[in-house]
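Heads up, the thing below is written out as structure tokens.
Number of protein chains: 2
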Amino acid sequence: MRKDRRKFLGAAALGGALAGCASKEGAVEVTEEPSLLGKPVGAYGERSPFENVKRHLNDTKTPQAASSRTPLHQLHGIITPSALHFERHHSGVPHLDPAQHRLLIHGLVERPLVLTVAELKRLPSVSRVHFVECSGNTGSEWSPKGAPDVQRGFGLASCSEWTGVPLSLLLAEAGLKKEAKWMLAEGADPCKMSRSVPVEKAMNDAMIAYAQNGEAIRPEQGYPLRLILPGWEGNINVKWLRRLHVADEPFYTKDETSKYTELQSDGKARIFTFEMDAKSVITSPSGEQKIGGPGFHEISGLAWSGRGRIEKVEVSIDGGKTWKPAQLQEPRYSKAFTRFRFPWEFTGVETIIVSRAVDETGYVQPSRQELIAARGTNSQYHNNATKPWRVAADGSVTNVEA
Amino acid sequence: MRKDRRKFLGAAALGGALAGCASKEGAVEVTEEPSLLGKPVGAYGERSPFENVKRHLNDTKTPQAASSRTPLHQLHGIITPSALHFERHHSGVPHLDPAQHRLLIHGLVERPLVLTVAELKRLPSVSRVHFVECSGNTGSEWSPKGAPDVQRGFGLASCSEWTGVPLSLLLAEAGLKKEAKWMLAEGADPCKMSRSVPVEKAMNDAMIAYAQNGEAIRPEQGYPLRLILPGWEGNINVKWLRRLHVADEPFYTKDETSKYTELQSDGKARIFTFEMDAKSVITSPSGEQKIGGPGFHEISGLAWSGRGRIEKVEVSIDGGKTWKPAQLQEPRYSKAFTRFRFPWEFTGVETIIVSRAVDETGYVQPSRQELIAARGTNSQYHNNATKPWRVAADGSVTNVEA
Numbered sequence: 000m001r002k003d004r005r006k007f008l009g010a011a012a013l014g015g016a017l018a019g020c021a022s023k024e025g026a027v028e029v030t031e032e033p034s035l036l037g038k039p040v041g042a043y044g045e046r047s048p049f050e051n052v053k054r055h056l057n058d059t060k061t062p063q064a065a066s067s068r069t070p071l072h073q074l075h076g077i078i079t080p081s082a083l084h085f086e087r088h089h090s091g092v093p094h095l096d097p098a099q100h101r102l103l104i105h106g107l108v109e110r111p112l113v114l115t116v117a118e119l120k121r122l123p124s125v126s127r128v129h130f131v132e133c134s135g136n137t138g139s140e141w142s143p144k145g146a147p148d149v150q151r152g153f154g155l156a157s158c159s160e161w162t163g164v165p166l167s168l169l170l171a172e173a174g175l176k177k178e179a180k181w182m183l184a185e186g187a188d189p190c191k192m193s194r195s196v197p198v199e200k201a202m203n204d205a206m207i208a209y210a211q212n213g214e215a216i217r218p219e220q221g222y223p224l225r226l227i228l229p230g231w232e233g234n235i236n237v238k239w240l241r242r243l244h245v246a247d248e249p250f251y252t253k254d255e256t257s258k259y260t261e262l263q264s265d266g267k268a269r270i271f272t273f274e275m276d277a278k279s280v281i282t283s284p285s286g287e288q289k290i291g292g293p294g295f296h297e298i299s300g301l302a303w304s305g306r307g308r309i310e311k312v313e314v315s316i317d318g319g320k321t322w323k324p325a326q327l328q329e330p331r332y333s334k335a336f337t338r339f340r341f342p343w344e345f346t347g348v349e350t351i352i353v354s355r356a357v358d359e360t361g362y363v364q365p366s367r368q369e370l371i372a373a374r375g376t377n378s379q380y381h382n383n384a385t386k387p388w389r390v391a392a393d394g395s396v397t398n399v400e401a
Numbered sequence: 000m001r002k003d004r005r006k007f008l009g010a011a012a013l014g015g016a017l018a019g020c021a022s023k024e025g026a027v028e029v030t031e032e033p034s035l036l037g038k039p040v041g042a043y044g045e046r047s048p049f050e051n052v053k054r055h056l057n058d059t060k061t062p063q064a065a066s067s068r069t070p071l072h073q074l075h076g077i078i079t080p081s082a083l084h085f086e087r088h089h090s091g092v093p094h095l096d097p098a099q100h101r102l103l104i105h106g107l108v109e110r111p112l113v114l115t116v117a118e119l120k121r122l123p124s125v126s127r128v129h130f131v132e133c134s135g136n137t138g139s140e141w142s143p144k145g146a147p148d149v150q151r152g153f154g155l156a157s158c159s160e161w162t163g164v165p166l167s168l169l170l171a172e173a174g175l176k177k178e179a180k181w182m183l184a185e186g187a188d189p190c191k192m193s194r195s196v197p198v199e200k201a202m203n204d205a206m207i208a209y210a211q212n213g214e215a216i217r218p219e220q221g222y223p224l225r226l227i228l229p230g231w232e233g234n235i236n237v238k239w240l241r242r243l244h245v246a247d248e249p250f251y252t253k254d255e256t257s258k259y260t261e262l263q264s265d266g267k268a269r270i271f272t273f274e275m276d277a278k279s280v281i282t283s284p285s286g287e288q289k290i291g292g293p294g295f296h297e298i299s300g301l302a303w304s305g306r307g308r309i310e311k312v313e314v315s316i317d318g319g320k321t322w323k324p325a326q327l328q329e330p331r332y333s334k335a336f337t338r339f340r341f342p343w344e345f346t347g348v349e350t351i352i353v354s355r356a357v358d359e360t361g362y363v364q365p366s367r368q369e370l371i372a373a374r375g376t377n378s379q380y381h382n383n384a385t386k387p388w389r390v391a392a393d394g395s396v397t398n399v400e401a
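The listed protein sequences derive, respectively, from chains A and B.
If you're matching positions, the first sequence starts at 0 in numbering that gives the first Met the number 0 and goes up one per residue.
If you're matching positions, the second sequence starts at 0 in numbering that gives the first Met the number 0 and goes up one per residue.
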């Protein structure tokens, strides 16, 4: 491996650099050399003015009921910067004063509770790294054409370190009645986005989160409180959480009947399809990028599963004929992005690259053909098919069908 | 434990909340209920206008040669938001164009290299979570009085997910000559901040980082390139890295002779004290906070070691007479912040709380008395003593000596 890397480096990647480097020590001068004092220290930092990575916004007349997509191809590691976490709002981001906000827990409980944010912060807390993914993510890929790039195709998924109070602790305090089986989770946005949550999940790994990546949750992610249901579809991770109403059956809200159900080819609809299936995608190189010619390139991407840890990611550089294991960034969190990396020497001959994830339950990410055979093409949700990218002889990367 | 928590919740923490909650289901109304559409989706997010957490700036006439401190008491989990990562500059933050920036590797190498940022990004990469701590952090605590709060006392430490190229890969490509033992690492700031780095560390776990917490390194952290030497004092993690000059001996730069050495009580100075010793501090509750009266409080804080993983953190709630293990947030990264948590019932009687870290080498964080016995008080660097906080009967928290 070391030997291969050196060959790549010497032969190609560093070729240009080496050519521009004088051979005698001391004869090399690096031009850039500021001589004036730079900027002073500051209270809250900003990124470099040379950086312009941004979320992708749909062209829409109702940007309050829309989505924005994370630029996965421009990010590194597994943490999504909070400023670039994807958005999907149904009535815009409410302006909530944390001193006024309350969380109500009522219904089939012994002791209804109203909690302030300050009270929640005083309780035992946990921090965990988890992805959140809209179940509509990758909806573009039901069509053979698909989205032109990874941001538009896969950008409704992001990953953060969330901190909050285990919901099980609050429910134990409230005292669940024995008939309690479901609860309504309701947001404080104008449309009162609401979903039915099984008590079993709420008692398992659910969290009332108040922090994201070290600081307060961002407004567009649910400030001041968000329900985090690790590994479950984004929409049920209710933002601006104001109410949990415990009941003995689901509520069949508009947000889980008119939307977030999946019409199958037999005319029946799947409902309450909470878990996000294992998925992966190569983010570099990916659609609409152009790589710098033959030589060494690191293939890199992300894999995640709503059912636990990613166990393995395989990469094919010949359109799926042969597969080799990628290197996984450690430690691998459960229900979180896992970064994979794969060394690749691009020979300048057109080829197709694709990744395939396996999670700790043994579930293998299906191809698009396999997924359609199982589910048909009526649904726009829960597409987790593998994603091939074509790399042309000139290094330009496109959708296979483009 | 569950029983204890329920008692705490019922008796105290939730007492007020429960009192304000009507007993009949349906009779409870949460007042806050926005009815107008909220904000639309956006390209790059900002925090809530209700949030004002910020770095602490020293009162100085030269804010270009100064520091700013991370508000550890207001953060959650282990990731420091990039906007709140501490700063320590010697001539301000330079304005560097990544398209113009170069990294030169020369001296005792077979093949000098000049690398662009784009070339570096094409190479095999790694992402790892590591703390960076100024060796002057906690310098205030050599004095019995100490800093009044954890931000001013301990805020020159932060923790990020760094992504970059292993330096060993570049040095293998450049070809180290057999006499190569040290290298000068030089920044592109006006003062050309420079430090001598042993080749052994460079070949071990050093990284040329270009990303921090998922996006490009922030300007004040070294944009576009920073040398990351995991676990070593902040100053040697050279920002705005422009040059590595390989040699057979250290360079004895001004930044490692006039500064960043440690005068001992016998008049001799320690030099090249690179590794940061194991350290911990309770961040909540901490100095200048006031907790909300008797009842349950979660004690929480951070521990880290330059020599590897944190193995154990113990907490004392009786001024060091007895110690109990705290819960550690998993997974624990090597040379990274580890969050610890400890459930505590404050009885309303004045007491002293303190934490103590043990790292995977078995090293135990010393008390202030033990540290001074070993090193005297002439140095301002590398103070890693345990930090007791006094909690008064009214819940106000201060330095023990305040």
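Quick reminder that beta carbons are idealized off the backbone N, C-alpha and C, glycines included.
DSSP, reduced to helix, strand and coil, places S167/A within a helical segment of the structure shown. Here D254/A carries a helix assignment [DSSP, helix/strand/coil]. The beta carbons of A210/B and T162/B sit closer together than 9 angstroms. In this structure, G230/B sits away from M192/B, with a CB-CB distance that is not shorter than 9 angstroms.
R269/B is classed as exposed because its beta carbon has fewer than 16 other beta carbons within 10 Å across all chains shown.
Using a Cβ distance threshold of 9 angstroms, H100/A and K38/B do not count as a contacting pair.
A contact is defined here as three or more CB-CB pairs under 8 angstroms, and the stretch 241-249 of chain A meets this definition with respect to the stretch 97-111 of chain A.
Sequence-distant partners of F153/A (beyond 5 residues in either direction) whose C-beta falls short of 7 angstroms from its own C-beta, in its chain, are L71, N136, T137, V280.
A372/A: member of the alpha helix (DSSP H) spanning 367-374, first to last residue. When the five nearest sequence neighbours on each side are left out, the beta carbons in the same chain lying within less than 7 angstroms of the beta carbon of P143/A are those of E400, in order along the chain.
Identification of chain A residues near L35/B by a Cβ-Cβ cut-off of 8 angstroms yields P189, ordered along the chain.
Sequence-distant Cβ neighbours of V128/B in its own chain, meaning closer than 6 angstroms and more than five residues away, are E160, Y332, A335. Here P123/A is not bridged, per DSSP, to any residue.
With fewer than three CB-CB distances shorter than 8 angstroms, the stretch 166-178 of chain A does not count as touching the stretch 339-348 of chain A.
By the neighbour-count definition (other C-beta atoms within 10 Å, threshold 16), G266/B is an exposed residue. Under the 9 angstroms criterion on CB atoms, H94/B is classed as interfacial with respect to chain A. When only Cα atoms are considered, V396/A and C158/A end up about 25 angstroms apart. Of the candidates P223/B, K386/B, P249/B, P249/B places its Cα closest to the Cα of E178/B.
Pairwise C-beta distances place the stretch 281-294 of chain A in contact with the stretch 379-397 of chain A, as three or more of them are shorter than 8 angstroms. Rounded to whole angstroms, the separation of the alpha carbons of G221/B and V237/B is 8 angstroms. When the five nearest sequence neighbours on each side are left out, the beta carbons in the same chain lying within less than 8 angstroms of the beta carbon of W181/A are those of S195, V196, P197, V198, V245, A246, D247, E248, P249, F250, in order along the chain. Here M192/A carries a coil assignment [DSSP, helix/strand/coil].
Within chain A, the residues G76, I78, P80, N212 have their CB atoms less than 8 angstroms from the CB of N212/B, given in chain order. The beta-carbon of V52/A is placed less than 9 angstroms from the nearest beta-carbon of chain B. For N234/A, the three-state secondary structure derived from DSSP is helix. Going by DSSP, G152/B is part of the alpha helix (DSSP H) stretching over 149-153. Secondary-structure assignment with DSSP links C158/B through a beta bridge to F130/B. Closest in alpha carbon position to A187/B, among L224/B, A156/B, P293/B, I78/B, is L224/B.
At the C-beta level, I351/A and D317/A come within 9 angstroms of one another. For the options G174/B, A201/B, L175/B, K176/B, the alpha carbon positioned closest to that of A184/B is the one of A201/B.
Inclusion of T360/A and S264/A in the CB contact set at 9 angstroms is not warranted, their separation being larger than that value. Proximity of L301/A to chain B, defined by a Cβ-Cβ separation below 9 angstroms, is not satisfied. Boundaries for E329/A: no beta strand (DSSP E) harbours it, and the DSSP string shows neither H nor E there. Contact annotation for H296/B against chain A: R121 [CB-CB distance below 8 angstroms, chain order]. By the neighbour-count definition (other C-beta atoms within 10 Å, threshold 16), L370/B is a buried residue. E160: these are the residues of the stretch 139-160 of chain B whose beta carbon lies less than 8 angstroms from some beta carbon of chain A, given in chain order.
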